[in-house]
Ligand code: ADP
Ligand code: MG
Ligand code: ZN
């Protein structure tokens with residue numbers, strides 16, 4: 004197995020659970036595999052397919068994905084094909100002939116094909132050893148992308164008695180899981196469940212204040228690399244894409260209001276590294292298996308934690324460090340509430356509101372975001388993180404300190420009460436700092452005893468302290484378009500009893516983008532130098548070469564080599580066939596096919612910089 008893994012896929016070791024699943028399948032037993040996005044589910048049926056004498060049939064919901072998967076397998080020297088509606092009658096005939104001659108190991112098929120009797124009959128004449136059902140959650144109405152055609156899959160049981168089934172998905176809710184088992188009659192199957200922790204992703208929530216500028220800074224840091232930015236509305240995707248284009252960033256909008264052809268083209272440009280930034284509604288993503296998305300931004304608040312996890316899951320499938328940044332403002336919460344209030348059905352309205360409440364909780368909380376996500380999906384963060392800080396969310400990465408907030412809290416609470424809890428946050432801060440704005444003058448608040456009571460404090464510090472007090476439920480912000488600041492009962496008691504209060508604040512100001520950028524640097528260091536200390540300029544040259552080969556072959560660049568492979572090349576500087584074959588992703592076929600092209604670029608670079616092959620004996 005190890006040998007097949009290197010020879011065909013170019014990998015040195017299995018990812019968690021892959022080996023167990025593969026042995027199980029080689030024993031001709033059934034399985035339900037639940038593994039996070041990017042966990043490496045495909046390999047679980049692709050590698051057994053190489054060992055089986057007969058055919059492995061793969062059901063996959065998306066035509067675009069099928070082509071990429073097949074291109075990827077072919078590039079590794081594995082005989083694979085797909086049959087779907089994009090092929091002509093003659094092309095299908097040709098593939099059928101090769102299937103009959105047993106010249107194909109893996110066949111991808113769209114679920115709607117299985118409704119065609121003739122086609123099923125044809126499949127029945129073949130020697131099928133394994134049936135894999137990818138994205139198996141599509142069979143369940145409880146899931147997020149139910150595909151009625153997936154119900155056709157029930158017929159597989161009848162038509163292929165005795166052929167083992169393996170169902171794979173990244174969706175783990177219990178409801179969906181039992182639905183898959185029932186629909187596919189998988190009662191005997193062993194369930195393989197891997198952790199949902201995506202350790203190479205960093206999670207950050209940023210206050211949505213200077214969001215456009217921050218976004219530009221983030222995108223410049225990732226210059227030329229792939230990013231997805233999710234927005235709430237179609238209109239805002241267009242506006243934001245235009246604003247980014249003005250900055251000479253290669254960005255395109257994507258939403259369900261664009262015509263099919265335009266959407267297809269945009270998606271293809273993204274997959275082929277011709278445009279690096281997609282500004283999209285949630286309509287974008289299903290069917291994007293691009294392994295090297297380095298950044299997923301939520302420019303507006305998502306609707307649920309499930310949605311958020313799924314969308315951020317599109318970052319870093321290749322396992323390299325990638326960032327997920329959510330911009331959050333109170334205004335977004337109000338916007339969502341407005342739409343929720345328009346839902347007529349009260350049960351449905353409550354369900355939607357509950358989902359929203361959880362993502363708001365995530366955005367506002369003052370503790371580890373990864374731990375929250377793990378817990379949300381029913382895992383135990385203490386076990387997964389070993390009781391340690393996750394080191395890759397904004398909370399865990401920001402150094403903190405405790406401070407005595409007794410006096411300032413007293414000042415803030417008195418001020419809020421003095422102005423009868425009838426004003427918003429910014430107004431309260433103006434009074435505290437003694438800012439005589441026109442509004443203050445108009446209301447004659449400059450004469451209040453609390454006016455200027457916290458003159459020495461910076462605006463941003465006061466803002467942070469007030470937010471901390473809100474988090475502690477000492478203050479509360481009302482809902483509505485103009486939220487007011489009020490003191491809770493707890494706050495009132497505190498004020499009366501003059502209790503001592505200690506708050507914990509970050510030592511880096513919240514609106515300092517530095518905090519966001521350190522995350523990446525930190526993970527990079529931990530993931531080992533290959534990921535960070537590679538020669539960036541050589542990496543760029545290799546990327547250009549990869550793109551030109553990909554264009555010639557009419558495949559996406561990642562089919563040729565992934566970013567992991569290029570980074571390793573730009574770190575180890577292999578200069579012989581032997582060294583080159585040690586690089587991740589270099590199997591037998593890719594060595595023969597692309598070795599010389601890449602080696603010559605590396606040799607030139609190494610020579611001019613006077614650098615040695617780090618893999619040479
Ligand atoms: P999933 O379907 O679970 O989202 P994929 O099968 O698409 O994940 O794999 C995600 C990425 O991980 C792909 O780029 C794949 O080539 C890579 N990968 C899978 N298994 C391994 C492995 N054992 N070693 C290195 N890379 C792997
Ligand atoms: Mg997959
Ligand atoms: Zn954390």
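Residue numbers (my numbering): 4 to 620.
Ideal Cβ placement from N, Cα and C applies to all residues, glycine included.
Practice prompt. Give, in chain order, every unbroken run of the alpha helix (DSSP H) that is at least 4 residues long and sits entirely within the segment 221-302.
Written response: Scanning the segment 221-302 from its first residue to its last, the whole alpha helix (DSSP H) runs of 4-plus residues come out as 237-249 and 263-274.
Fill in: Runs of beta strand (DSSP E) wholly within the segment 330-376 (minimum 3 residues, chain order)
Look at the segment 330-376 and you find no whole run of beta strand (DSSP E) that is 3 residues long or longer.
Worksheet entry | Residue from 130, 75 and 393 whose Cα sits closest to the Cα of residue 377 | Sequence index remark: in the chain shown, residue 377 carries index 374 (1-based). Nearest C-alpha to residue 377: 393.
Discussion item. For ligand 1, is there any heavy atom lying closer than 6 Å to the beta carbon of residue 59?
Written reply: On the chain shown, residue 59 is found 56 positions in, with the first residue counted as 1. False, no ligand heavy atom lies under 6 Å from that Cβ.
Discussion item. Assuming residue 291 and residue 317 are in contact, meaning their beta carbons sit under 8 Å apart, how far apart are those beta carbons, in whole angstroms?
Written reply: Here the question's residue 291 lines up with position 288 in the chain shown. Here the question's residue 317 lines up with position 314 in the chain shown. Approximately 6 Å separates the beta-carbon atoms of residue 291 and residue 317; this is inside 8 Å, confirming the contact.
Item to complete: Locate the alpha helix (DSSP H) running through residue 94, then write down its first and last residues.
Response: Position 91 of the chain shown, counting from 1, holds the residue named residue 94. DSSP places residue 94 inside the alpha helix (DSSP H), whose first and last residues are 92-103.
Practice prompt. Mind reading off the beta-carbon distance from residue 597 to residue 573? Whole number of angstroms is fine, and I expect it under 8 Å.
Written response: Along the chain shown, one-based indexing puts residue 597 at 594. Along the chain shown, one-based indexing puts residue 573 at 570. At roughly 15 Å, the Cβ-Cβ gap does not stay under 8 Å, so residue 597 and residue 573 are not in contact.
Worksheet item: So residue 103 and residue 52 are in contact, right, with Cβ under 8 Å, and what is the actual spacing, rounded?
Response: Along the chain shown, one-based indexing puts residue 103 at 100. Along the chain shown, one-based indexing puts residue 52 at 49. Not quite, the Cβ-Cβ distance comes to about 18 Å (not below 8 Å), so this is no contact.
Item to complete: Look at the Cβ atom of residue 624, then the Cβ atom of residue 125, and state whether they are nearer than 7 Å.
Response: One cannot answer for residue 624 here, as it falls past the ends of the chain, which runs 4 to 620.
Worksheet item: Along the chain, which unbroken stretches of the beta strand (DSSP E) at least 3 residues long are found entirely within the segment 19-98?
Response: Restricting attention to beta strand (DSSP E) runs no shorter than 3 residues, the segment 19-98 encloses them at 34-37, 58-62 and 83-86, ordered along the chain.
Discussion item. Using a 10 Å radius around the Cβ and a threshold of 16 neighbouring Cβ atoms, would you call residue 314 buried or exposed?
Written reply: For the purposes of this step, residue 314 is taken as residue 311 along the chain shown, with counting starting at 1. Burial state of residue 314 is buried, judged by a 10 Å Cβ sphere holding 16 or more other Cβ atoms.
Worksheet entry | Distance, residue 417 Cα to residue 463 Cα | On the chain shown, position 460 is the one that residue 463 refers to. On the chain shown, position 414 is the one that residue 417 refers to. Residue 463 and residue 417 have their alpha carbons spaced roughly 19 Å apart.
Worksheet item: So, are the CB atoms of residue 203 and residue 324 less than 7 Å apart?
Response: Taking the first residue of the chain shown as position 1, residue 203 is located at position 200. Taking the first residue of the chain shown as position 1, residue 324 is located at position 321. In this structure, residue 203 places its C-beta atom within 7 Å of the C-beta atom of residue 324.
Worksheet item: How long is the line joining the alpha carbons of residue 73 and residue 174, rounded to whole angstroms?
Response: The residue you call residue 73 lines up with position 70 of the chain shown. The residue you call residue 174 lines up with position 171 of the chain shown. Approximately 24 Å between the Cα atoms of the pair.
Worksheet entry | Closest by C-alpha distance to residue 552, when choosing among 583, 62, 601 and 566 | As a first step, residue 552 must be located in the chain shown, where it is residue number 549. Looking only at 583, 62, 601 and 566, the smallest Cα-Cα distance to residue 552 is reached by 601.
Discussion item. Please report the straight-line C-alpha distance between residue 62 and residue 619, rounded to a whole angstrom.
Written reply: By one-based count along the chain shown, residue 62 stands at place 59. By one-based count along the chain shown, residue 619 stands at place 616. Distance between the alpha carbons of residue 62 and residue 619: 43 Å.
Worksheet item: Does the Cβ of residue 226 have 16 or more other Cβ atoms within 10 Å, making it buried, or fewer, making it exposed?
Response: Indexing the chain shown from 1 puts residue 226 at position 223. Residue 226 counts as exposed, since fewer than 16 other C-beta atoms from the protein chains shown sit within 10 angstroms of its C-beta.
Discussion item. Let me check understanding here. Comparing Cα to Cα, which of 476, 499, 485 and 564 lies closest to residue 491?
Written reply: As a first step, residue 491 is located in the chain shown; it is residue number 488 there, counting from the start. Ranked by Cα distance from residue 491, the options 476, 499, 485 and 564 are led by 476.
Worksheet item: Three-state secondary structure (DSSP) at residue 132?
Response: Translated into positions along the chain shown, residue 132 becomes position 129. Residue state, collapsed to three classes: strand.
Fill in: Residue range of the beta strand (DSSP E) that includes residue 110
The count along the chain shown starts at 1 and reaches residue 110 at position 107. Taken as a continuous stretch (DSSP letters only), the beta strand (DSSP E) holding residue 110 covers 109-112.
Worksheet item: What does a CB cutoff of less than 8 Å around residue 260 pick up in its chain, not counting 5 residues either side in sequence?
Response: Locating residue 260 in the chain shown gives position 257, counting from the first residue. Cβ neighbours of residue 260 beyond the five flanking positions: 237.
Fill in: Residue of 120, 143 and 77 minimising C-alpha distance to residue 111
By 1-based counting over the chain shown, the position of residue 111 is 108. Here the closest residue by C-alpha is 77.
Worksheet item: Sorted by chain position, which residues of the same chain lie with C-beta nearer than 8 Å to residue 559's C-beta, five sequence neighbours on each side aside?
Response: Position 556 of the chain shown holds residue 559. Hits under 8 Å: 71, 74, 274, 275, 276, 293 and 553.
Worksheet item: Among residues of its own chain, excluding the 5 on either side of residue 65, which ones have a beta-carbon nearer than 6 Å to its beta-carbon?
Response: Looking up residue 65 in the chain shown gives position 62. Exclusion of the five residues before and after residue 65 leaves 290 as the residues of its chain whose Cβ lies within less than 6 Å of its Cβ.
Discussion item. What does the alpha-carbon distance come out to for the pair residue 105 and residue 81?
Written reply: Counting from 1 along the chain shown, the entry for residue 105 is found at position 102. Counting from 1 along the chain shown, the entry for residue 81 is found at position 78. Taking the straight line from one Cα to the other gives about 13 Å.
Practice prompt. State the start and end residues of the unbroken alpha helix (DSSP H) segment that holds residue 405.
Written response: The residue given as residue 405 occupies position 402 in the chain shown. Unbroken run through residue 405 is the beta strand (DSSP E), 403-407; no alpha helix (DSSP H).
Practice prompt. Would you mind sorting residue 287 into buried or exposed? The rule is 16 or more other CB atoms within 10 Å of its CB.
Written response: Within the chain shown, numbered from 1, the residue matching residue 287 stands at position 284. When all chains shown are included, residue 287 counts as buried.
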